[in-house]
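All remarks here apply to the structure that follows.
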Amino acid sequence: MNVRVLALLALFCAPVAERAQESASAAKAQGGRGFLAVRAGRIHLVEEGRVLVNGTLLVKDGRIQAAGEDVLVPDDAQLVDYGPDAVIVPGLVAAYSTYALGLPSERTADAGLSALDGFDPYRVYADALAGGVTTAYLTPAENRLIAGTGAMVKLAGERERDRVLNPLAALHGAIDASARATPGFWEPPVPVAVDVELGYAKPQLPKSTMGAIVALEELLQAAESPEDPRLRQEYGRRAGEDLARALRAHVPLRISAVESTEIRALLAFAKAHELPLILDRAQEAKELADEIAAAGAAVIFRVPYTGNSAAQDQGKDVDARWRSFDVPAALVKAGVRVAIVGSSPRDLLFAARIASRGGLEPAAALRAITLAPAELLGAAERVGSLRVGKDADLCVLNGDPLASGTSVLATWIDGAVVWEAHAAQSATVLEVEELYVGDGRVLRPGQLLLRDGRIREVGERVSHPRGAVVVRGRACMPGMIDALGYLGLEGSRKVPATDFALSAIVEPGDALDRKVALNGITTVVLAPRGSGDAGAPLMAYKPAAEQEKLQVVGDPVALRLRWEDQNRGRSGQAVKDLLARAKEYHDKWAEYEAALAKWTPPPPAAEAPAAEAKAAEGEKKEGEAKEGEKAEEKKDEKPAEEAKEKDKEKKEDSKSKKKKKDEPEELEPDPITGQWQADVVHPAGAPAQKLKLRLHLAKAGESAKVEGNLRCDAASSTLVELEGWFDREKRALSVSGLGSQGWVKLEATFEKEKLTGKLSFAGAEVDAALERTSKEYVVAKRPERKPAKEEAAPKEPKGKPKEPKLDAKLEPLRRAMDGAATIVVDVNRAIDITPCVAAFEAVGIRPVLYGAREAHLVVEQLVGRVAGVLLDPTVVAFDEKRGTDYRTPYADLQNAGVRVAFLSEAEEGAIDLPLRAAFAVANGMSPEGALRALTADAAEIMSIQARVGRLEAGLDGDVLLLDGAPLDPTTSVLRAWVNGDEVEAP
Amino acid sequence: MKNPKLPPAARALCAGVLLAVGHADGKLVIEAGRIVTQAGPDIENGRIVIENGRITALGKADEVEKPWDAVVLGGPKTVAFPGFIEAHTSQGMDRANENIDVAPFLDIRDSIDPVAYYFEDCLRYGITTVNVQQGANCVVGGRGMIVRPVGMTVEELTVRPLYGLKLSARPKNGKSRATQMQALRYAFDDLKHYLEDLVEKERDERGYAKREALFQGRDLEEEKAQGRAMGGTAWKVDGLDLIPRGALDEKFAPLLDLVEGRYAAFIHCADPLDVAHALEIARANGFLARTTLVIEEDCWKAADLIAEAGVPVVLEGALVDVRRDPVTGEEQETFVPGVLHDKGVRFALSSESPSTRAPAFQAALAIGRGLERAAALDAVTKVPAEILGLGAEVGTLEVGKLGNVALFNGDPLSVTSWVEHVVIEGKPVYDRSKDVRNKQLLEGVQPANTAPPSKVDAPDPEHADEAGKEGAQDEKKEDEKKEEKEEKKEEGGGKGGGR
Amino acid sequence: MNAMLLPLSLGVVCVLSPWLAAQEEDDWTISADMVYTAAGAPIEDGVVRVQDGKITAVGKGGGGSLEVAAITPGLIDLGVEIDTGLYSVEQSRESAASLSVADALDLFSFQWKRELTSGVTTVLAVPADYDVVGGLGVVLKTGGPATLEARLVRADAVLRGALGTQPSSGNNAPRFGDPANFYYRRPTTRMGVEWVFRKAFYDTIQGEGVTEPAIAADHDVLRRVLAGELTLSVAARATQDVRTAIYLKEEFKIPHMIIDDAVEAWREPELLVRSGASVVLPPFPADGRVDDGFVNDSYFVPLEAARMLHDLKVTFALSGHGSREVGTRLSDQAGLAQRGGLAFEDALAAVTLTPARMVGVDQRVGSLEVGKDADLVLWNGKPFEPTARVVGVLLNGRLVLDPRPASR
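Residue numbers (the numbering used here), protein chains in the order written: chain A, 1 to 986; chain B, 987 to 1485; chain C, 1486 to 1893.
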């Protein structure tokens, strides 16, 4: 059966569970000599209260071979390490269970009734095992003076027969109210016949406490003289001999007595007959503690609380006694041997917790649910404590056994895992002295709950789900963000299109990524090296993330533009143009939306038939599919129908739109793709030279990116890679590329199949009139992508305002203008920064300045006008004029109220980023500010604050565990979690 | 039993019908397209010759010659199969349980009902030998008997009287496992005490037992008058030879026989832990060798124990055990015969299984779930025969064995084939074409002079024997009453709907 | 198509087989000695290609990534008793037409998996028959994500009603002297049930302009039934209940009616044929008798009932009533029907295409045809024979029961 449990465990594969499997297989492994070493931060041996710190248990053949802090582990031993925060205690021993509880015998006393007969070794005692209980006392029956004999058994185990620890653990009975309802007894005559008169029920003792004691006395007599006819008559033929058998075996008497009178009576009785006595329940034992101690009786205290049930009345009448929970404490003080039980084995730990009211030391409480019951009920030979030679029954906890919120991680029996916290519910709780939220707030102490990849709770004390892995430490902070790194497109400087999805090229984390994460950088914002006029996309992702779908945080998160130009005079031109076009585009949309807001759609009734007509025609398209269904369901299916119609519609009229667009101007959809040729005459009178041009229009039928190459010896000795725009409205072509003598630019307009315009290179400028020689562009086309973002076009009846065409290139800017997206702009010199910021402000964008070497010189101009500044790696700037004046732009900007962030410009986040922050701190930046710059502010700047940057409920589970205050150079990252998964050291 | 109540006369009629066919003379020949002997390879176009109840010749049609005066059954399309054997059932009785815990003195014969539907059904399924034991709601039950499912009186049915004793490890109503076990132990403990007392008294005052016996009016003839030293292997009571066996109180005598190994024991186990208990009792009292466990589906978990003890089992539970796992909460299916087979447990399938009634169908289901064909067929023929100590008599088709044959009209394991004829000890006792109740089962046609549900009644001259006639008279009234009732009902329905 | 299929399937084998086991596959080629499409003649040595949850090819061919003895469409059970608990029985009124069982389904119940692994991939779930008009039933798949959206094949598939003793079984009439209280509900007799039933329709016809929202909603539903937009499924066991159902159909001219659990329908051949109602048979009991759990009464259904209905050209489906017992599940019912003389093809139809048609989902399920949902049942022998069993099941192209021995 055990095997089955293990097999099941094999299903759940949390990191913890894996360990469990190892161990499981380990326990069965015949490899090596079958040694198995179990480690944990603290191991309670319970034997004379010893506790091992970072101790080891050596197990072989299900038995404990050695236990200590410096155990020599054989090298062929399987190692199971539950980590520094786990606590191991002996498998708990439940002194009460109802697993074998059966109907009581008809007679007052029936010592021959054995609980063992009710023991089902085939049952899976999952409930108890989940509570860390490995051994249980089986109660034979209840509500009788002597209900039978109880047994001690293990709740799982390979060796069926070894599971019975003690077949005769106690004579189980009661003299409290429960036993006073013994029914009258009648034995049907056999065989039943007319001449056999009917018997009648004879009353049986006890009906009162006195009666109970009398009955006990008489039973003892019966035990001495089993043949005594009167007693046989009274208590049954076998009562005497059965009891005698038990007494001969010195089985202790376990009698439940609640009220003090009952307890007194029992004590006296046991004293008189020198019987080993265990008081069960013993609610009112407190005031009798000393007498009990004197009598040498033991107590199994049943905590008067039942979990999972409605609260009970505590007695309302005057002399009703209220339940007390501090009995064990008092008894232990008086020197009584005490075991504690709860309403069910599952709640044993909890029972011990509430029973330790009244000043019971944790050690004693733990003993009361492990060794004490084992000793009282004769199972201490094999269980109850972690002593060499005893069974390797373990209860692995995620914290101090008696602390609230501690729960069971795993349960072992005979050196094998028999229960394991369910993977699905496995969560991680961090308990630290200082919890740095990231936005400046700090919790001292702080706790944090990670679950399903996210941060679920943050606070001074958070909930501890059952089976949660608890990690304790000095401090924790959010994973750091590398605000800008360069994308490793094999070092190529080629700039992908604005609407190119960088996420297409990320791969799941490798060893390097994990290393980086373990140094604190969990999120990296990536940009291509360099940027075209149209701007380049930026992506934020988590290099070390395990699940690919959670790897990308945002793509694109921002658009990167370049303000400066080789030709300083032209600095910002491209950007300005772009912004202008974007503005126009933005306004188009704005007015469309405004119009749409005013417009009131016609009543739906009018369009129902239309919808159905469409449906019909839709049917033709889709074949006969769903015909019947629709026919029957039109009315109730209407919404669905319309949805279908909508997108069908959309497809259609987007097509039709194109057509309409093209009709007025007879311009063919793709006028310029192909090969062009011209003779260019160099002004310097040099001979005419051939100009060969190959162009390709990315998207037919709209203003779109153009790319290609140009060969012209005059302009460049090498083939010039071109990029640029073809504007359909103006019919203007503008392409440029870097040639051997510098930038080559072609500005031309398209008229009657000709391109006429100027070719500028190396400061020179010549006219060019190009003829098309072919319409082929013989290069493998780059796959076209759909626009990243696209509003679902609404269904359009007449009179509806017309939706402007969507331009993927300008979308990011439009969103930025609405404050929904980030624009990163490379700009360094103060004289550029000012106009740049102004230009953006004009269109209502707060840009993020990148580079910004001289930003600190124009701080006051930036405050409130930029979203943030990504300073280049130089932390310390110095003023040429006054050579010794070192300053730290980071500090300057931040103190002025401008968000800053650190960036590596490396490829996948850099290990030294935190050091850079530390360096900034060393040079005058506030640690708190530096931390913000590494986390919350970086996230804000890149507008990914909804997922990362802070330790806050709902955000991704990116957490770092530190051994000191963040940004202290001596501090290092101990462990790291990305999306709630711990990052394994490579 | 789920069978509907029917006036006795009616039942008498049907049984009568089935028997009526049965009075052929001593010789019978069965021609079959295929003979499944279960003793060797199948025989194509075979022929079986049965004389005075036993198979005298069997083989290919052209090799075995046909006695000129023999009745001939079957045909080229039919498949002959050894009659199925029911290793254990508590059907065919009225009320299968006694309320007294320990009642070994009971005898099934007093409760068995020759014309119970169950026995009819047996024939329909091709079952030719049945072991009837008391129900499982007991501690120590009465003594059972092995019967053939055809006959008007218990005598006609009887194959082996007083065969086997029923015990139950499953708690009787009103008992828990512990009290049940206690009761079982005490039962044998009491026996021991009783015998010891008796011997003691006998020694004190000679002739005590005899006097008692005479006083209680027991007969003490021949071997009942002799005493005999106690047999058996487990425990002994010395001086038992002093006491004439006839003098023993019949409350205890059968138990003594059990302990001495003169009875087979059928111990019912509902849950795996019962198995250990059953074996304990059997071992402690020395009848393990003659013990058969009657198990329900969950008991497969204890297959190792069973295999270790080497006792056979009768599977009365479902073929597939469906349980929720307490850890995962997932539902798991276990094919029980598969487990038993793998663990090397000898097992018989039983028509008590809720999966279905017909042994052939059960064997088929077992095969469908991966049990070897041979193992599945043995489980309804050979194995039960051995369990009942009839291995030499029935279970296979071999020369010298009893002529118990089930004739199918196709592959016995196909859902579409039916038992056409059943032959028991050379007598054709069942003919589907004349099986009126089967007609009803199949077509809803109501047999003559029996209770509704159908309103159709086409009296069938075939069945008009005395029983039938007298049945007819008092049946008519029944019929009319019922019809009136139906009329009313319909009116109720009709009026309501019609308007 | 067969021509192209062969190489294609071969291709698939060599490509797929290495990493078949590795990941969960939506892309299967399954070949079998016999493919019973339920849409035409069975195909010997056939192969079924499944992609993205749909059947993309059916034809001759071999060497699939899975090879089994036989393939049938996923079975469909219109009579499966889905336990929705007594709390989902409407107490406020006996005719609660507008309520939908969809709101009461426990998609996490084990029953679904049980059905699925025994080959039943689509079921009709209806409200419990403790109200006369219980509400709307839905058709849904037995597997897939445990959300209604994911499993629903058709919402509002039928309106459920019940005749006979069950609707009244829970009710008891006021006793003299006791104050009338909540627990005294009508109807308490067959006639009462039937009366409530008629009243429901009568009121609907009369009840234009009812303002009370619940009632109005009920009326709308009942109107759709009368207009033939919604099929009416009526539970009727005993002969007289079957008659009542048919009389109701005729009285109110209800176009589409399913008589469910129709134990004794076979007793009224003329009426059945006349009414044009379709029938769902109960599981065949061992002794032919179906005990009525509510009053001690038992009804009789012969093994031949299926064949009789077939000969009468009455549309009928078989049902397993969600039994978990081996030998009594839906697949076994198809076997027993054959024992009663029904031809194999008709038995197959009665558990696949016919039920699909009866509840109007045959566009998606019920047969192996290109474009339909890839619900397949894989067998290790001749389907419905006791010696064969369901070894594999595909639901929407997902392998939910794996026939490969390794996996079991």
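Every residue, glycine too, gets a C-beta built ideally from N, C-alpha and C.
Rounded to whole angstroms, the separation of the alpha carbons of V1322/B and V1300/B is 12 angstroms. Annotation: A1293/B has no Cβ neighbours in chain A at a cutoff of 7 angstroms; minimum Cβ distance is about 14 angstroms. Bridge pairing for S105/A: absent [DSSP].
At least one C-beta of chain B is nearer than 8 angstroms to the C-beta of V124/A. Between H1795/C and P1767/C, the C-beta gap is not smaller than 8 angstroms, which leaves the two residues out of contact.
The three-state secondary structure of Y1149/B, taken from DSSP, is coil. Nearest Cα to Y592/A within the set A374/A, D937/A, I845/A, E803/A: E803/A. Residue pairing by DSSP puts Q447/A in a beta bridge opposite E431/A, G459/A.
Of all residues in the region 124-152 of chain A, those with a C-beta nearer than 9 angstroms to a C-beta of chain B are V124, Y125, A126, D127, L129, A130, P140, A141, G148, reading in chain order.
The beta carbons of V80/A and T56/A sit about 10 angstroms from each other, so the pair does not count as a contact at 8 angstroms. L1399, S1400, V1401, T1402: these are the residues of the region 1399-1419 of chain B whose beta carbon lies less than 7 angstroms from some beta carbon of chain C, given in chain order.
Its chain contains V46, G49 as the residues whose beta carbon lies nearer than 8 angstroms to that of R367/A, once the 5 sequence neighbours on both sides are disregarded; these appear in chain order. Annotation: the continuous alpha helix (DSSP H) that includes D1726/C extends over 1724-1736. According to the DSSP secondary-structure assignment, H172/A is paired through a beta bridge with G148/A, R254/A.
Going by C-alpha positions, A511/A is about 5 angstroms away from P986/A. For the region 292-355 of chain A, the continuous alpha helix (DSSP H) assignments of 4+ residues that do not extend past its boundaries occur at 327-334, 348-355, in sequence order.
If you draw a straight line from the Cα of V1366/B to the Cα of L253/A, it is about 53 angstroms long. R281/A places its beta carbon 8 angstroms or farther from that of D347/A. Y585/A is a Cβ neighbour of R814/A, given a cutoff of 8 angstroms. Within the same chain, Cβ atoms closer than 6 angstroms to the Cβ of A130/A are found at W419, the five residues on either side in sequence being excluded. Per the DSSP secondary-structure output, I64/A pairs in a beta bridge with V59/A. Of D1107/B, G1069/B, A1043/B, R1332/B, the smallest CA-CA separation from Q1426/B is found for D1107/B. For W676/A, the beta-bridge partners assigned by DSSP are L693/A, R772/A. Residue contact check for P121/A against chain B: a CB pair falls below 8 angstroms. The residue from D439/A, A427/A, P478/A, L484/A with its alpha-carbon nearest to that of V462/A is A427/A. Counted as a single uninterrupted DSSP element, the stretch harbouring M1742/C is not any alpha helix (DSSP H) but the beta strand (DSSP E) occupying residues 1742-1745. Between D117/A and chain B, the shortest Cβ-Cβ separation is below 8 angstroms.
Under the criterion of beta carbons closer than 8 angstroms, V1811/C and A1304/B qualify as touching, at roughly 6 angstroms.
Relative to the Cα of A580/A, the nearest Cα in the group E274/A, K316/A, V38/A, I845/A belongs to I845/A. In the same chain as A715/A, and ignoring 5 residues on each side of it, the C-beta atoms closer than 6 angstroms to its own belong to G739, V744, F761, in chain order. Along the length of the region 1280-1331 of chain B, whole alpha helix (DSSP H) runs at least 4 residues long occupy 1289-1295, 1322-1329, reported in chain order. At least one beta carbon of chain B lies nearer than 8 angstroms to the beta carbon of A1771/C. One thing to note: T1716/C has its Cβ within 8 angstroms of the Cβ of H1741/C.
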